[in-house]
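Student: Residues 1 to 141 in full-length UniProt numbering are what the sequence shown spells out, letter by letter. Idealized CB from N, CA, C, for every residue including glycine. No experiment lies behind these values; they were computed from the predicted model shown. First the structure, which I've put down as structure tokens, then a few questions once you've had a look.
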Amino acid sequence: MAVERTLSIIKPDAVAKNVIGQINARFEEAGLSIVAMKMVQLDDEKAGGFYAEHKERPFFGDLVSFMTSGPVVVQVLEGEGAIAKNRDLMGATNPQEAAAGTIRADFAQSIDANAVHGSDSSASAEREVAYFFAADEICAR
Ligand code: RTP
Ligand code: MG
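Put into structure tokens, the structure is as follows:
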């Protein structure tokens, strides 16, 4: 399987719960390496642009409010099949439907406060990594 990069966000609820380290351990235990990482406070423009594909959805306003409610950790994960592997580790969008042992089952409260984001395709990963990181902020491993 090819080595890929994917964009991960540890969302405001998980940062507030002080579980950044526990979530990062899940990635590392699964063979994903963190090759870029920073903590940032998003504003409406940055969060809205990130989720532009959902602009017309009824939950867009709530999504942007939530994502700007506190700091987030944005990171690039690298490894074999990283995009699908991260989606598997995250679990379903709604934590009530997320499989046992996934990040969302263990750390998320609701469909809004659902702990993590992960790119859902190679096209999304490419756009999302570039949305947050310059090439020289990503460290080759
Ligand atoms: P994400 O983009 O954050 O990784 O989540 P996802 O792929 O699992 O879900 P997506 O469909 O891309 O939705 C983005 C975020 O919007 C919120 N959402 N709310 N109320 C709703 O029906 C609803 N659907 C989605 C979630 O917080 C989801 O993570
Ligand atoms: Mg998504």
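Thinking C-beta only, is Met1 closer than 8 Å to Gly81?
Tutor: Contact flag set, yes.
Student: Leaving out five residues before and five after Ile9 in sequence, what residues of the same chain have Cβ atoms less than 6 Å from its Cβ?
Tutor: Closer than 6 Å at the Cβ level, and outside the excluded window around Ile9, lie Val72, Val74 and His117.
Student: What residue does the beta strand (DSSP E) around Gln109 start on, and which one ends it?
Tutor: Segment: none, Gln109 is in no beta strand (DSSP E) and carries neither H nor E.
Student: Give the secondary structure of Gly79 by DSSP, where H, G and I count as helix, E and B as strand, and everything else as coil.
Tutor: Gly79 falls in the strand class under three-state DSSP.
Student: Quick one: what's got a C-beta closer than 6 Å to Phe107's C-beta in the same chain, skipping five residues either side?
Tutor: Excluding sequence neighbours, Phe107 sits near Ala14, Val19 and Ala115.
Student: Does the Cβ-Cβ distance between Glu53 and Arg5 come in under 8 Å?
Tutor: No. Outside cutoff.
Student: From the DSSP output, read off the bridge partner residues of Met90.
Tutor: Paired residues: none, contrary to the question.
Student: Determine which residues share a DSSP beta bridge with Ser119 and list them.
Tutor: Answer by DSSP bridge pairing: none, since Ser119 is not bridged.
Student: Between the C-alpha atoms of Leu32 and Thr102, what's the straight-line distance to the nearest angstrom?
Tutor: If you take the alpha carbons of Leu32 and Thr102, they lie about 15 Å apart.
Student: Please report the distance separating the alpha-carbon of Ile23 from that of Glu126.
Tutor: Spanning the two alpha carbons is a distance of roughly 22 Å.
Student: Please list, in chain order, all residues with a C-beta atom less than 7 Å from at least one heavy atom of the ligand MG.
Tutor: Listed by chain position, these are His117 and Asp120.
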